[in-house]
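Have a look at the structure below before the remarks.
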Amino acid sequence: MIELLKLEIDCYKKTGCKNIVQQLLAPTMKINVDNVTVHNGYTIVLSGEDKYCLLRNEVNAPKEYQYILKVDKKATAENISNGDIRFIKWIKHPLLANHTTEGVIKSWDKQFNFVEEDLEQDIKGLREPQIAALYSILSHFKVSKKMGIVVMPTGTGKTETMLSVLIANKCKKILITVPSDALRTQIFNKFYTLGLLKEFGIINSSALNPKVGILNENFSSLAELEEFIKNCNITVTTMNLLSSYDKDKLETIAKEYEYLFIDEAHHSQASSWSRIRDFFKEKTILQFTATPFRNDGKRLEGDIIFNFPLKKAQEQGYFKSISFSPIREYELEKGDILIAEKAVQQLRDDFSQGYEHILMARCENKKRAEEVFKLYEKYTDLNPVLIHSSIPNKKETMDSIVNSKHKIIVAVDMLGEGFDLPQLKIAAFHDIRKSLPVTLQFAGRFTRTSFDKKLGNATFIANLADVKVKEELDSLYAMDSDWNLLLSELSTGKTEEKIELDEFLKGFSNIDEATIPFQNINMAMSTVVYKNNSSSFNLKKYKSGLKGYDKFQYKFEYINESKNTLVFIYADKKNMDWVNYHDIYEFQWNLMVLYYDDSNKLLYIHSSDKSSLYKEVANYILNNEAIILNELNVFKIFHNILRVSLQNVGLKEWMNKHIRFRMLTGSDIEEAISKTAQTKSQKAFVFGSGYDDGNKISLGCSYKGRIWSYARGSLNDYVKWCDVIGSKMIDPNIDPNQILKDTLIPKYMDCIPNKHAVSIDWDESYYEYSDNKKNVEIDGSKINVIDLSLSIDTLQKGKIVFSLTTPDKEISFEQTIAKKVDATTGETYGKFNFSKISSENIDIQIGNKKCSLVEYFKDNPPMIWFADGSSLQGIKYVELKQLIQAYPAEKLIDWNWNGVDIGKESQGVNPLIIDSIQYVTIKRLKTFDFDIIYDDDGSGEIADIVTIKEKDDVILIQFYHLKFAHGDSVGQRVSDFYEVCGQAQKSIIWKHKSGVEFFERLLRREIKSKNGNERSRIEKGSKEDLERLLKIAKNIKPMKFEIFIVQPGLSKQNTNDTIQTLIGVTESYLKEVGGVDLGVIVNE
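Sequential numbering from 1 applies to the sequence shown in full-length UniProt numbering.
The structure is reproduced here in structure tokens:
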């Protein structure tokens, strides 16, 4: 048996030019050799009834044979049998002919068969997603010229779908763009061979293969490009190369090609794509992608005409199952070692099951790949290989990878879009993917099914301690995640968000005429609201009330009748202020959005031109029945916004017959509050921030009726925002006068308050960075920030002394406030300063910025709390307005502390101090039904003891803050409560952090050490329990907190008002700031 050459012709090929056009007329074919006859100058091979003439010199070719091949040597029975002969080219073949592109298309007539795959009956054909996509695309071609998006998960057969579209629709000329060189070659080969379509009977054998061109470089002349195009049915290139062509060449290409297919479209829509799109705006454009979102998170332009959900693809078996096998190691270098060891062990386990799998280690960049490769080099039996863009002999390395010569591949990112190696089944994430499109693409590579039964399921390995991904990926990388489900949920959620916007935009009847892509509109959330006193409205009448409408230079109107939304984009000339010459001007573009809420009879008007409230526009739309919602109504928008902090307030004051306007900020807001409580002032506008349903928002409103926010969003986001705002404004049960009542107002001090400081904590900006983005060095030695805490030492006259505490030492600092006098005005003011008392050098690095800790405190002064609930930050001092109620004595929880030395607080490490407060408290807590009891005592603690209990609908977390009695006996010492109350207040910050941060903190501190001794901090439960609860807290259940103070130095029977008031301040703070209850455990 011998294998004959494939039959192909070069339709366009020029010396020195890398651009080629080829057509495959017949694939390679194996034939049996029945007889070999050697003649003078040629040899005849008989195979059945066919005779094949083999010769070295084509001049001597006898004419009577249909099959003639040129070979490298004289063919004999012996060298044919030994395979010692090389075929060079076909000289004659029944199918050898130069076909025109039109002739090729004609050969496709009625040659396409809708053969559907049926695995049970061993019928190979088009898969369900391919057939469904094909019908959707063919339908789209018939009814629409809009740009279409086809969403098909990686591995469901996008390329075969494109091939099917080509033949079934008899497309004249298609230009296909791809994001990479590797994918360009792969797509070229697919169209050149028509993939599996002929083998599966989807295309009849008599249909000619297309003439396929590949563009690898620019053309030196337009004439060469025209000749190339003339010989093509299909052309494949990259978007980058295409965008480098000049205007004349792009116009020629756009004129000749009827269709533009964009593969892996989530890479597109950069500036290069925008330029190409303008040339093809009159042609049919299809985008093929696994996700309708670009890598930068922005939406793809166009309508989703087909979407096959990832979850359905998994359910139907187009993906192999995925198991997620994570590690958790906070020392990242050690984490790389553990990932490598676990991945290699998984590979060997797969080998033992008979699977021929390959492991890929994914790295962020070349430097990281080289570091990681050293971890795999020792596994010589697995022949590891490193590949990235700069390695020598890259093509040879890629070929050896494809031929399965390497069982371990260390790569930067992926091996290129479109790289198809089904044996890739183990992914070791040394650096994690950070965007949903790329994650879906990466996952798809490893989960493709194959006819090869020597391939099993995929395994992904990652270090959960190093996961710094976008919020949408949190559940994907959680411990024990079922990637089969979660990948699907993430993809579906994103796609449904896009579909929701698409459905909204589809309601605009003429949106296809829009020069600005509506899905890219990112408008400010601002509006004016009018109430309709009748039931009739007509949005299109706006133009009669819009001043200057007839003079606008450009006007574009789009209306969504079903959503009662009208978009008007216009431009007007604006003269330049630097020259008095009317022929020099610029265009000023503006956006107006009109939305009418029929159920509440409210008209919302947004305009980027804020010079008007558009009363005339409203009156024309509402038939002169428009009533603006203004004055006190606008302040209702702050209803149910929690923890409001006002940045500025505008006041309108009546001074006899005159009106004065004043804008107040900072401490002057207190004046605004008192003024508005009187009759001589009213609020003109208010702007501030607060929390709505756990999300921080900004809101502003003016007495005249304008409402605004710093937020931006799509047209659909704007409509939803308006619905929320409007429902509050017309609610008669909301009192608009309550908005400023409880606002906290700062005073600016010129001395340290003469009060007892109970607690100190970092500025809130410190907590905006994760722990691994923060470093502290003391005399050149790095200290883990999870083991650091700030604490008050003493309050001396004119200064506050505090310490940074580490497991080994305390470093003291002091804050002072100096009284200064302004030389110009004579007014006094305060200036704060921080200095270090201790001798150690201490630096802090947050993000990329490094400085001394003293300089950091000067830029970011810590927050100091006093016993009465007031606080000081720098010179900004805030006092509570309301009177604090004393903590009721009957609420104190009394325990029997017999046998406990109440002067001993901590149980230590080894040996444990069994008569300490902490040891006995833990012992008693063990009698309760907790899942976790955790000893967090020490610098950097959340609390001395943390308990966790998973309930049906919530995870209950309790903090126990312990304090020893200063006199070693029961008494009424208020000093026993100052520090522990401060610790309780300080720990409320964990109520506002994520469950991930909380449980990761416990996991990172799991080993308690002191004086060379170590033990686990977990007193009940296990590390695995913490891992499980981390996942549950993140994805399923909310966390509820309770805080306890434990002070056996106080008797419930013998307390006093001072202590109870101090506890009352703490109780009030915890309840108002975090909604957390306080319990206090004392002595009997």
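Note that beta-carbon positions come from the ideal geometry of N, C-alpha and C, so glycine has one too. Quick caveat: nothing in here was measured; it's all calculated off a predicted structure.
- Item | Pairwise C-alpha distance: Ile989 and Asp868 | Counting from 1 along the sequence shown, the entry for residue 868 is found at position 868. Counting from 1 along the sequence shown, the entry for residue 989 is found at position 989. Going from the Cα of Asp868 to the Cα of Ile989 covers about 19 Å.
- Task: Answer with buried or exposed for Tyr135, where buried requires no fewer than 16 other C-beta atoms within 10 angstroms of its C-beta.
- Result: By 1-based counting over the sequence shown, the position of residue 135 is 135. Label assigned to Tyr135: exposed.
- Message: My output table needs one value for Thr676: the three-state DSSP class, helix, strand or coil.
- Response: For the purposes of this step, residue 676 is taken as residue 676 along the sequence shown, with counting starting at 1. For Thr676, the predicted structure reports a pLDDT of 47, less than 50, and the residue's modelled location is therefore unreliable. A value from the coordinates is still provided. Looking at Thr676 - three-state DSSP - the assignment turns out to be helix.
- Item | Residue nearest to Ala462 in terms of C-alpha spacing, selected from Pro326, Val212, Asp723 | The residue labelled residue 462 in the question sits at position 462 within the sequence shown. Closest by alpha carbon: Pro326.
- Please state whether DSSP places Ile1063 in a helix, a strand or coil. One-based indexing of the sequence shown puts residue 1063 at position 1063. Here Ile1063 sits in helix by DSSP.
- Query: If you count every other CB in all the chains shown that lies within 10 Å of the CB of Ser667, and 16 or more means buried, which is it?
  - Reply: Working through the sequence shown from its first residue, we reach residue 667 at position 667. Note that Ser667 scores 46 on pLDDT, short of 50, meaning its location in the model is unreliable; the coordinates nonetheless yield the value given after this. The residue is exposed, with fewer than 16 neighbouring Cβ atoms inside 10 Å.
- Are the C-beta of Glu128 and some C-beta of chain B separated by less than 8 Å? Absent from the structure is chain B; it holds one protein chain and no more.
- Query: Can you round the beta-carbon distance between Glu8 and Leu24 to whole angstroms, since I take them to be within the 8 Å contact cut?
  - Reply: Numbered from its first residue, the sequence shown carries residue 8 at position 8. Numbered from its first residue, the sequence shown carries residue 24 at position 24. The distance from the Cβ of Glu8 to that of Leu24 is about 5 Å, consistent with a contact at the 8 Å cut-off.
- Message: Would Ile149 and Thr289 qualify as a contact pair, given that the criterion is a beta-carbon distance under 8 Å?
- Response: To locate residue 149, count along the sequence shown from 1; it is residue 149. To locate residue 289, count along the sequence shown from 1; it is residue 289. Yes, these two residues count as a Cβ contact at 8 Å.
- Which stretch, first to last residue, makes up the alpha helix (DSSP H) that contains Asn82? For the purposes of this step, residue 82 is taken as residue 82 along the sequence shown, with counting starting at 1. Run containing Asn82: 77-82, per the alpha helix (DSSP H) assignment.
- Give every residue of the same chain whose Cβ lies closer than 6 Å to the Cβ of Asn896, excluding the five residues on either side of it in the sequence, and list them in chain order. Here residue 896 corresponds to residue number 896 of the sequence shown, with the count starting at 1. Excluding residues within five positions, the ones whose Cβ falls inside 6 Å are Glu1084.
- Hey, how far is the Cα of Glu979 from the Cα of His357? As a working mapping, residue 979 is identified with position 979 in the sequence shown. As a working mapping, residue 357 is identified with position 357 in the sequence shown. When rounded, the distance between both Cα atoms is 60 Å.
- Message: Here's the rule: buried if 16 or more other CB atoms are within 10 angstroms of the residue's CB, otherwise exposed. What is Ala478?
- Response: The sequence position of residue 478 within the sequence shown is 478, counting from 1. Per-residue confidence for Ala478 stands at a pLDDT of 44, beneath the threshold of 50, marking its modelled position as unreliable; the derived number appears in the next sentence. The residue is buried, with at least 16 neighbouring Cβ atoms inside 10 Å.
- Message: I'd like to confirm the pairing. Which residues does DSSP put opposite Ala571 in its beta bridges?
- Response: Taking the sequence shown and counting its residues from 1, one reaches residue 571 at position 571. Answer by DSSP bridge pairing, in chain order: Tyr554, Trp589.
- Which value, in whole angstroms, describes the spacing of the CA atoms of Leu286 and Ser180? Here residue 286 refers to the residue found at position 286 when the sequence shown is read from its first residue. Here residue 180 refers to the residue found at position 180 when the sequence shown is read from its first residue. About 18 Å.
- Message: Tell me the rounded alpha-carbon separation between Trp708 and Met152.
- Response: Taking the first residue of the sequence shown as 1, we reach residue 708 at position 708. Taking the first residue of the sequence shown as 1, we reach residue 152 at position 152. Approximately 40 Å between the Cα atoms of the pair.
- Measuring alpha carbon to alpha carbon, tell me which of Tyr718, Lys92, Ala77 ends up nearest Ile85. Here the question's residue 85 lines up with position 85 in the sequence shown. Minimum Cα distance to Ile85 is reached at Ala77.
- Shortest alpha-carbon distance to Tyr428 belongs to which of Asn383, Val372, Ile387? Translated into positions along the sequence shown, residue 428 becomes position 428. Tyr is not the amino acid found at residue 428; the sequence shown has Ala there. Comparing alpha-carbon positions, the option among Asn383, Val372, Ile387 lying closest to Ala428 turns out to be Val372.
- Task: Determine, using beta carbons only, whether Phe188 and Val212 come nearer to each other than 8 Å.
- Result: Here the question's residue 188 lines up with position 188 in the sequence shown. Here the question's residue 212 lines up with position 212 in the sequence shown. Yes; because the gap between Cβ atoms is below 8 Å, this pair is in contact.
- Query: Where are the beta strand (DSSP E) runs, 3 residues long or more, that stay fully inside the segment 176-249, in chain order?
  - Reply: 212-214, 234-238
- Do the segment 64-80 and the segment 43-56 make contact, defined as three or more Cβ pairs closer than 8 Å? yes
- Do the segment 1022-1032 and the segment 995-1012 touch if we need at least three Cβ pairs shorter than 8 Å? yes
- Task: Please go through the same chain and pick out, in chain order, the residues whose beta-carbon is closer than 6 Å to the beta-carbon of Gln873, but skip the five residues on each side of it.
- Result: Numbered from its first residue, the sequence shown carries residue 873 at position 873. Result list for Gln873: Pro861, Met863, in chain order.
- By Cβ distance below 8 Å, which residues in the same chain neighbour Pro753 in space, the five residues on each side in sequence not counted? Within the sequence shown, residue 753 is the residue found at index 753, counting from 1. The answer, listed in chain order, is Phe866, Ser870, Leu872, Tyr877.
- Kindly identify the DSSP beta-bridge partner or partners of Ile31. Along the sequence shown, read from residue 1 onward, the residue named residue 31 stands at position 31. DSSP output for Ile31 lists Ile2 as bridge partner(s).
- Give the DSSP bridge partners of Asp761, in chain order. For the purposes of this step, residue 761 is taken as residue 761 along the sequence shown, with counting starting at 1. Partner(s): Met863.
- Query: Three or more C-beta pairs closer than 8 Å, one from the segment 1042-1056 and one from the segment 1069-1079: is that the case here?
  - Reply: yes
- Query: In chain order, what residues of the same chain lie with their CB nearer than 6 Å to the CB of Val854, ignoring the 5 residues before and after it?
  - Reply: Mapped onto the sequence shown, residue 854 falls at position 854. Counting only Cβ-Cβ distances below 6 Å, and skipping sequence neighbours, we find Phe834, Lys836.
- Query: Is the CB-CB distance between Ile917 and Val1046 below 8 Å?
  - Reply: As a working note, residue 917 is residue 917 in the sequence shown. As a working note, residue 1046 is residue 1046 in the sequence shown. Against a cut-off of 8 Å, the Cβ pair of Val1046 and Ile917 comes out as a contact.
- Message: Measuring straight from C-alpha to C-alpha, what distance separates His99 and Trp273?
- Response: What you label residue 99 is simply residue 99 of the sequence shown in a count that begins at 1. What you label residue 273 is simply residue 273 of the sequence shown in a count that begins at 1. Those two C-alpha atoms are separated by around 33 Å.
- Task: On a CA-only basis, which of Ser987, Ser144, Lys963 is nearest Asp976? Give me that one, please.
- Result: Start at 1 with the first residue of the sequence shown, and residue 976 comes out as number 976. Looking at Ser987, Ser144, Lys963, the one whose alpha-carbon comes closest to that of Asp976 is Lys963.
- Helix, strand or coil: how does DSSP classify Ala943 here? Locating residue 943 in the sequence shown gives position 943, where the first residue counts as 1. The answer is coil: DSSP assigns Ala943 none of H, G, I, E or B.
- C-alpha distance - Lys106 paired with Leu95, whole-angstrom precision: Residue mapping note: residue 106 aligns to position 106 of the sequence shown, counting from 1. Residue mapping note: residue 95 aligns to position 95 of the sequence shown, counting from 1. Those two C-alpha atoms are separated by around 16 Å.
- Asn630 by DSSP, collapsed to three states: which one? Indexing the sequence shown from 1 puts residue 630 at position 630. The answer is coil: DSSP assigns Asn630 none of H, G, I, E or B.
- Message: Please classify Ile786 as buried or exposed, where buried requires at least 16 neighbouring CB atoms within 10 angstroms.
- Response: Counting from 1 along the sequence shown, the entry for residue 786 is found at position 786. Flag for Ile786 reads buried.
- Task: Determine the direct distance from the alpha carbon of Gly705 to that of Lys657, and round the result to whole angstroms.
- Result: One-based indexing of the sequence shown puts residue 657 at position 657. One-based indexing of the sequence shown puts residue 705 at position 705. Bear in mind that the predicted position of Lys657 carries a pLDDT of just 47, short of 50, making it too unreliable to give a figure here.
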